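S.K.:
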Amino acid sequence: MLIYNATMLTLGSHPRVIENGAVLIREGRIADIGESAVLRARHPDERERLDASGKVMLPGGICAHTHFYGAFARGLAIPGEAPRNFIEVLQKLWWRLDRALDYEGVKYSALVCLVDAIKNGMTTLIDHHASPDAIDGALDAIAEAVEQAGVRAALCYEVTDRNGLEGAQRGIAENVRFARRLRQQPSPLLGAAMGIHASFTVSDPTLEACVQAAEEHQLPIHIHVAEDPADEDDCFSKYRMAVVERLAQRGALSARTICAHCIHLSERELDLLAEHGAKVAHQPRSNMNNGVGVARVPEMLARGICVGLGNDGFSNDPFAEMKAADLLQKVSARDPRALGADKVVHMAYTNNAAIAQLFWRDLGGALTIGAAADLVLLDYAPFTPLHAGNAPWHMVFGMHGGMVTHTMVGGRWLMMDRQLLTLDEREIAAKAREAAERAWKKFAALGSD
Ligand SMILES: [Zn+2]
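Now the structure itself:
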């Protein structure tokens with residue numbers, strides 16, 4: 492497959508803008524890159540061709556932290572008084588909605604997110620799943636949806652003590668079972684992690700069991716960290732130490748740990764993240780929505796911490812999350828120099844690729860020879876000069892997910908000219924509405940945890 496005549500933004504360590512650029516794709520990878528005339532002359536026999544005139548080509552979007560299970564929250568009314576704080580948001584919304592999901596709900600909640608991902612050019616997602624009344628096999632239900640969609644997703648089940656010791660053990664067992672399945676039947680689209688909800692919902696024995704299983708099965712750990720001060724308060728009162736200190740002491744912190752949020756951290760905790768090479772996923776839209784605070788992203792980046800961007804279940808538009816990340820830091824610091832589009836794009840592509848490489852070694856977050864052919868085409872007609880130096884500002888302030896017309900993963904088209912090729916959006920929406928209605932009825936019948 493030769494895609495030519497595109498304005499290519501390669502990103503990566505040596506970002507270039509190639510006008511009239513082309514890529515040759517062989518066996519799911521980028522085999523050649525350059526100017527269209529050169530590549531057409533070099534590969535005259537390539538039969539499959541796509542003229543991408545007027546379009547911008549970018550690497551596929553990567554989401555470092557999401558929740559497929561949260562899709563049915565859209566339009567859902569929470570009975571009684573509105574949640575006043577983060578813990579009440581969990582108790583009144585998320586810990587009831589996840590319990591209301593059956594297997595069909597798990598699958599269709601994932602499918603609607605995957606439709607949204609493909610339409611917005613998000614090609615790789617790192618998911619964190621919970622469905623306490625449908626634990627065993629839940630990751631298979633999601634995996635089925637992921638393979639049907641054709642995107643890449645790393646899956647885990649969130650281990651928590653909120654459903655008792657037995658619930659925690661079943662969560663660990665589900666992660667281990669899924670990891671074993673992937674070892675026996677590897678899929679280029681799937682990855683496995685050990686999911687842990689958060690420090691404040693796991694006792695020491697549960698945390699130790701998670702760490703042990705993660706080590707035994709060589710799984711990255713994916714956990715929420717200090718999303719709200721309540722996580723730190725709990726840790727100080729129970730263990731006389733901060734959350735990141737606890738994770739480090741219990742062996743849960745390493746270069747293979749994805750820590751979502753990391754908002755309320757001390758200097759010492761930031762140092763520990765850097766020392767251990769732990770990865771951080773930042774979700775500015777979710778943080779704003781929950782009113783939980785602002786992560787110290789510039790300080791983390793300055794310490795050399797790999798901070799990527801997730802969406803925490805918000806829409807899968809990578810441009811929307813990038814813009815929110817930039818604006819939030821500026822308003823928080825009351826300084827228009829805070830963060831900046833160049834750093835935000837680096838987080839969303841280069842750092843997210845480093846996080847995704849915990850699961851897929853050939854994901855580079857860049858259009859480079861040898862990288863997996865995960866890419867998107869957008870209808871974007873720049874009305875000011877576009878070059879390598881200002882491309883991040885075009886991306887953050889000029890582009891949005893609705894401009895994506897073509898999405899490719901591993902050399903396979905998942906969307907062309909806005910037409911989904913692997914999923915039937917209307918049928919999925921109809922079935923999802925049935926599953927959501929069931930989930931909403933159960934939600935209404937459940938009390939707060
Ligand atoms: Zn989350």
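Just so we're aligned: the sequence shown equals residues 492 to 940 in my numbering.
Ideal Cβ placement from N, Cα and C applies to all residues, glycine included.
Predicted, not measured: the structure shown is a model, and the values here were computed from it.
Just how far apart, CA to CA, sit G655 and S694?
M.R.: Rounded to whole angstroms, G655 to S694 spans 11 angstroms at the Cα level.
S.K.: For ligand 1, is there any heavy atom lying closer than 6 angstroms to the beta carbon of A844?
M.R.: False, no ligand heavy atom lies under 6 angstroms from that Cβ.
S.K.: Quick check on D803: does DSSP put it in helix, strand or coil?
M.R.: DSSP places D803 in coil when its eight states are reduced to three.
S.K.: Which residues mark the beginning and the end of the alpha helix (DSSP H) in which W904 is found?
M.R.: Note, W904: premise wrong, no alpha helix (DSSP H); beta strand (DSSP E) at R903 to M907.
S.K.: Kindly give me the distance between the Cβ atoms of I609 and A640, rounded to whole angstroms, as I take these residues to be in contact under 8 angstroms.
M.R.: That pair is a contact at about 6 angstroms.
S.K.: Once the 5 residues before and after Y594 are set aside, which same chain residues still bring their CB inside 6 angstroms of it?
M.R.: Around Y594: A625 and A632.
S.K.: Going straight from the alpha carbon of G662 to that of R671, what length do you get?
M.R.: Using only the alpha carbons, I get a separation of about 14 angstroms.
S.K.: Kindly confirm or deny that the stretch 817-832 and the stretch 879-893 touch, where touching means at least three C-beta pairs closer than 8 angstroms.
M.R.: Because the criterion of three Cβ pairs below 8 angstroms is met, the stretch 817-832 and the stretch 879-893 touch.
S.K.: What is the rounded straight-line gap between the Cα of L849 and the Cα of R674?
M.R.: Going from the Cα of L849 to the Cα of R674 covers about 15 angstroms.
S.K.: Could you say which of A568, S745, Q910 and Q774 lies nearest to L763 if we only look at CA atoms?
M.R.: It is S745.
S.K.: Among residues of its own chain, excluding the 5 on either side of H878, which ones have a beta-carbon nearer than 6 angstroms to its beta-carbon?
M.R.: Excluding residues within five positions, the ones whose Cβ falls inside 6 angstroms are V508.
S.K.: Hey, how far is the Cα of A489 from the Cα of R590?
M.R.: Outside the modelled stretch of the chain, which goes from 492 to 940, sits residue 489, for which no answer is possible.
S.K.: By the 10 Å Cβ neighbour count, where 16 or more other Cβ atoms means buried, how is I494 classified, buried or exposed?
M.R.: I494 should be labelled buried.
S.K.: Between the C-alpha atoms of Y871 and E812, what's the straight-line distance to the nearest angstrom?
M.R.: So the two alpha carbons sit approximately 18 angstroms from each other.
S.K.: Can you name the start and end residues of the beta strand (DSSP E) that M548 belongs to?
M.R.: Counting along the chain, the beta strand (DSSP E) containing M548 begins and ends at K546 to P550.
S.K.: To the nearest angstrom, report how far apart V735 and R909 are at their CA atoms.
M.R.: Taking the straight line from one Cα to the other gives about 43 angstroms.
S.K.: Please report the straight-line C-alpha distance between F934 and H715, rounded to a whole angstrom.
M.R.: Cα to Cα, the separation comes out at about 24 angstroms.
S.K.: Near D652, which residues of its chain fall below 8 angstroms by C-beta distance, leaving aside the five closest residues on each side in sequence?
M.R.: Cβ within range, chain order: G658, A659, T692, V693, S694 and T697.
S.K.: At a cut-off of 6 angstroms, is D719 close to ligand 1 when judged by its beta-carbon and the heavy atoms of the ligand?
M.R.: No; taking the cut-off as 6 angstroms, the Cβ of D719 has no heavy atom of ligand 1 nearer than that.
S.K.: Specify which residues have a beta carbon nearer than 6 angstroms to any heavy atom of ligand 1, listing them in chain order.
M.R.: Working through the chain, the matches are H556, H558, H619, H715, A751 and D803.
S.K.: Apply the 10 Å Cβ neighbour rule to K932 and answer buried if 16 or more other Cβ atoms are within range, or exposed otherwise.
M.R.: That one is exposed.
S.K.: Count the CB pairs spanning the stretch 533-545 and the stretch 750-762 that are closer than 8 angstroms, and state whether there are at least three.
M.R.: No, the stretch 533-545 does not touch the stretch 750-762.
S.K.: So the candidates are P570, Q820, R575 and N576; which of them puts its Cα closest to the Cα of R587?
M.R.: Of P570, Q820, R575 and N576, the residue nearest in Cα terms is P570.
S.K.: Rounded to whole angstroms, how far is the Cβ of A645 from the Cβ of A684, which I believe are closer than 8 angstroms?
M.R.: Going by Cβ atoms, the distance from A645 to A684 rounds to 6 angstroms, so yes, they are a contact pair.
S.K.: I'd like to confirm the pairing. Which residues does DSSP put opposite C797 in its beta bridges?
M.R.: Answer is K770, bridged to C797.
S.K.: Quick check: P883 and G552, are their CB atoms within less than 7 angstroms of each other?
M.R.: Going by C-beta atoms, P883 is not nearer than 7 angstroms to G552.
S.K.: For A717, I'd like the list of residues in its chain whose CB is within less than 7 angstroms of its CB, leaving aside the five on either flank, ordered along the chain.
M.R.: Hits under 7 angstroms: E723, V734, H752, C753, I754, H755 and L756.
S.K.: What's the gap between the Cα of C647 and the Cα of Q709?
M.R.: Using only the alpha carbons, I get a separation of about 13 angstroms.
S.K.: Ends of the beta strand (DSSP E) at Y495?
M.R.: Segment L493 to L500, the beta strand (DSSP E) holding Y495.
S.K.: Please report the distance separating the alpha-carbon of P775 from that of K821.
M.R.: Cα to Cα, P775 sits roughly 12 angstroms from K821.
S.K.: Where R929 and L584 are concerned, what is the direct C-alpha to C-alpha distance, given to the nearest angstrom?
M.R.: Distance between the alpha carbons of R929 and L584 is about 16 angstroms.
S.K.: For R517, which three-state DSSP category applies?
M.R.: Note: R517 maps to strand in three-state DSSP.
S.K.: In angstroms, rounded to a whole number, what distance separates the CA positions of R643 and V900?
M.R.: Rounded to the nearest angstrom, the two C-alpha atoms are 8 angstroms apart.
S.K.: Note down, in chain order, each residue of its chain lying with its Cβ closer than 8 angstroms to the Cβ of E790, except the 5 sequence neighbours on either side.
M.R.: Same-chain partners within the cutoff: L761.
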